[in-house]
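The structure appears below as structure tokens.
2 protein chains.
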Amino acid sequence: MESLLSSLKLNISSCLYLKDPESSELGHKILSKSIEMIHELGIESFNFKKLGQQIDSNESSIYRYFENKYRLLQYLSAMYWGIIEYRLVIETNAIEDCSKKLLMAIKILTLKPKGIDSYSDFDQLKLRDIIIEEFTKSYHHKDIDSDNEDGNFKIYKRLILRIVEMINNVDPSYNFPKALACHIVEGALQQYYIQRHFKSLTDRKAETQVYKFYKDMILKVLNPKH
Amino acid sequence: MESLLSSLKLNISSCLYLKDPESSELGHKILSKSIEMIHELGIESFNFKKLGQQIDSNESSIYRYFENKYRLLQYLSAMYWGIIEYRLVIETNAIEDCSKKLLMAIKILTLKPKGIDSYSDFDQLKLRDIIIEEFTKSYHHKDIDSDNEDGNFKIYKRLILRIVEMINNVDPSYNFPKALACHIVEGALQQYYIQRHFKSLTDRKAETQVYKFYKDMILKVLNPKH
DNA sequence: CATTAAATAATAGTAATACTTTTATATTAG
DNA sequence: CTAATATAAAAGTATTACTATTATTTAATG
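Sequence order for the protein chains is A and B.
Just so you know, the first sequence maps onto residues 1 to 226 in the UniProt record's numbering.
Just so you know, the second sequence maps onto residues 1 to 226 in the UniProt record's numbering.
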């Protein structure tokens with residue numbers, strides 16, 4: 001069955017683009033090809049000139065969609081977190097038990113997506129890799145505060161607040177729900193980065209390690225009501 | 001009493017510089033002034049030309065010490081982690097009790113240093129801010145693997161392995177000591193960044209929050225032997 | 001179908017940056 | 001005093017990120 005998301009549109013803050021890339025053929029090409037290229041080159045070596053060459057378009061045309069490559073990265077990040085948020089809501093919705101709900105959320109945040117759903121003409125695994133490698137750069141810079149005011153990180157923050165709510169439902173007496181939620185979301189990326197690049201700091205290299213680590217943590221740190 | 005560190009020299013990997021900045025007057029000026037300027041401008045807007053102007057020296061002279069500004073950032077990071085490692089060893093050395101030892105380590109990692117010791121002609125609090133704001137950029141880039149092979153992150157990794165050892169001493173049966181250690185070291189920086197820039201994701205804005213969060217976590221996650 | 005508006009392409013240009021090269025000058029060590 | 005080394009000054013190069021201009025194509029509307 002076709003995924004629901006394929007008939008919906010992620011509502012991405014219009015501050016992130018000059019012209020909506022979902023509104024044209026060229027826009028779609030920009031998104032899908034930029035994922036490939038940033039994945040291959042890294043954000044530093046990637047630029048709009050190279051992208052233009054690859055999609056038989058022109059640098060200046062791309063600038064009509066995005067202010068610069070970091071804005072594009074923020075857009076791609078919003079897409080990623082939007083998809084995660086969507087899965088989080090859909091896949092935890094029916095779960096009654098608070099603890100099980102939270103654990104499912106953590107699964108979604110940590111495990112590689114399996115049956116990639118048909119939403120998207122782009123490669124979701126490559127997008128995930130980009131987030132692991134580059135997301136930190138989309139919000140570590142001098143303009144972070146004004147970017148933030150503009151709502152560039154709305155989806156990301158809303159996602160974290162959803163986790164906070166789940167944590168509160170499991171254990172309302174826990175004192176650091178926000179810190180814990182940030183920790184899990186950001187830490188999961190961090191763990192994968194370390195697995196890839198700092199092997200000596202990795203306990204065991206397995207996809208499920210990251211999930212197990214947080215599961216163990218959650219179960220011990222939170223005291224379920226009943 | 002004068003700190004021991006003032007009579008020692010941090011042993012920073014020679015891969016990080018072309019000429020040892022500790023070996024000359026100009027080198028010292030480069031270090032202390034770059035801390036001020038990166039703190040003020042952020043690493044992106046900072047460059048060697050501007051630095052040269054501020055210390056009445058020349059761009060090209062600075063290039064004889066450091067390959068580029070990111071290498072300088074890695075050097076400053078090594079300095080920071082070197083000081084933390086030093087404090088970690090000195091201040092936990094006499095503590096017998098494993099758990100107390102680990103908690104002291106976490107204090108050092110999370111709390112703002114108080115009685116700044118006399119090691120250094122530079123501003124340690126500014127250096128700490130730089131690490132919070134910019135450290136992630138020193139190891140999120142395409143050359144990370146070769147940088148790493150060259151030993152650019154030796155001190156950082158050794159520091160983490162010290163924490164791992166402390167964790168193992170408290171609870172040898174714990175399955176994720178490395179993940180937990182990375183988490184604490186990196187997460188502490190992350191928490192401060194979020195406190196500063198994502199207020200809505202902060203539980204309570206207080207310096208001690210970060211320490212309390214990890215203390216709570218450690219006490220619940222690890223099962224002391226006795 | 002004709003007209004108009006909008007989107008895109010092609011080209012060139014600008015300003016800044018990151019870094020190199022060359023040459024001159026100052027400092028230091030033997 | 002001499003020679004080696006460190007630094008300064010100045011100019012130059014290649015790249016990048018972005019803008020501006022004009023031409024061409026496409027789509028939308030009456």
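Note that beta-carbon positions come from the ideal geometry of N, C-alpha and C, so glycine has one too.
Going by DSSP, what residue range makes up the alpha helix (DSSP H) through residue i?
{"i": "A/Lys-220", "result": "207 to 221"}
{"i": "A/Arg-158", "result": "154 to 170"}
{"i": "A/Asp-97", "result": "That residue, A/Asp-97, is in no alpha helix (DSSP H); it is neither H nor E in DSSP."}
{"i": "B/Phe-135", "result": "124 to 139"}
{"i": "B/Ser-45", "result": "25 to 45"}
{"i": "B/Glu-186", "result": "177 to 197"}
{"i": "A/Ile-62", "result": "59 to 63"}
{"i": "B/Glu-67", "result": "Segment: none, B/Glu-67 is in no alpha helix (DSSP H) and carries neither H nor E."}
{"i": "B/Ser-14", "result": "Looking at the DSSP string, B/Ser-14 is not in any alpha helix (DSSP H), and its letter there is neither H nor E."}
{"i": "B/Leu-51", "result": "48 to 54"}
{"i": "B/Glu-149", "result": "144 to 149"}
Can you check whether the CB of residue j is closer than 8 Å to the CB of residue i?
{"i": "B/Leu-109", "j": "B/Ala-188", "result": "yes"}
{"i": "A/Ile-131", "j": "A/Tyr-80", "result": "yes"}
{"i": "B/Asp-216", "j": "A/Asn-175", "result": "yes"}
{"i": "B/Phe-198", "j": "A/Lys-157", "result": "yes"}
{"i": "B/Tyr-65", "j": "B/Lys-112", "result": "no"}
{"i": "A/Leu-127", "j": "A/Leu-76", "result": "yes"}
{"i": "B/Ser-138", "j": "B/Gln-191", "result": "no"}
{"i": "A/Glu-186", "j": "A/Gly-42", "result": "no"}
{"i": "B/His-141", "j": "A/Thr-136", "result": "no"}
{"i": "A/Ile-167", "j": "A/Leu-219", "result": "no"}
{"i": "A/Gly-82", "j": "A/Ile-184", "result": "no"}
If you drop the 5 nearest sequence neighbours on each side, which residues of the same chain put their C-beta closer than 6 Å to that of residue i?
{"i": "A/Met-1", "result": "Annotation note: pLDDT 44 at A/Met-1 (below 50); position unreliable, no value reported."}
{"i": "A/Lys-49", "result": "Glu-59"}
{"i": "A/Cys-98", "result": "Asn-169, Val-170"}
{"i": "B/Thr-92", "result": "Lys-101, Met-104, Ala-105"}
{"i": "A/Ile-38", "result": "Phe-46, Ile-130"}
Kindly give me the distance between the Cβ atoms of residue i and residue j, rounded to whole angstroms, as I take these residues to be in contact under 8 Å.
{"i": "B/Ala-181", "j": "B/Val-170", "result": "In fact, because the Cβ distance is near 12 Å, the residues do not count as touching under 8 Å."}
{"i": "B/Lys-33", "j": "B/Leu-51", "result": "6 Å"}
{"i": "residue 227 of chain B", "j": "B/Ile-155", "result": "Residue 227 of chain B is absent from the model: chain B starts at 1 and stops at 226."}
{"i": "A/Lys-30", "j": "A/Ile-62", "result": "It should be pointed out that residue 30 of chain A corresponds to Ile in this sequence rather than to Lys. A/Ile-30 to A/Ile-62, Cβ: 6 Å. Contact."}
{"i": "B/Lys-114", "j": "B/Tyr-211", "result": "B/Lys-114 to B/Tyr-211, Cβ: 13 Å. No contact."}
In its own chain, which residues sit with a C-beta less than 8 Å from the C-beta of residue i, not counting the 5 before and 5 after it?
{"i": "A/Arg-71", "result": "Leu-16, Tyr-17"}
{"i": "A/Ser-14", "result": "Asp-20"}
{"i": "A/Asn-152", "result": "Ser-13, Cys-15, Leu-16, Gln-74, Ala-78"}
Check the Cβ of residue i against every Cβ in chain B and list those closer than 9 Å, keeping chain order.
{"i": "A/Gln-191", "result": "Ala-179, Cys-182, His-183"}
Excluding the 5 residues preceding and the 5 following residue i in the sequence, name in chain order all residues of the same chain whose CB lies nearer than 7 Å to its CB.
{"i": "residue 261 of chain A", "result": "Since the first residue shown for chain A is 1 and the last is 226, residue 261 of chain A is missing from the structure and cannot be characterised."}
At 8 Å on the CB atoms, spell out the chain A contacts of residue i, in chain order.
{"i": "B/Asp-145", "result": "His-197"}
{"i": "B/Val-221", "result": "Asp-216, Met-217, Lys-220, Val-221"}
Note down, in chain order, every chain B residue with its Cβ under 8 Å from the Cβ of residue i.
{"i": "A/Ile-160", "result": "Leu-201"}
{"i": "A/Lys-157", "result": "Phe-198, Ser-200, Leu-201"}
{"i": "A/His-140", "result": "Glu-133, Glu-134, Thr-136, Lys-137, Tyr-193"}
Going along chain B, which residues have a C-beta under 7 Å from residue i?
{"i": "A/Lys-29", "result": "Those within 7 Å of A/Lys-29 in chain B number zero; the least Cβ separation is about 24 Å."}
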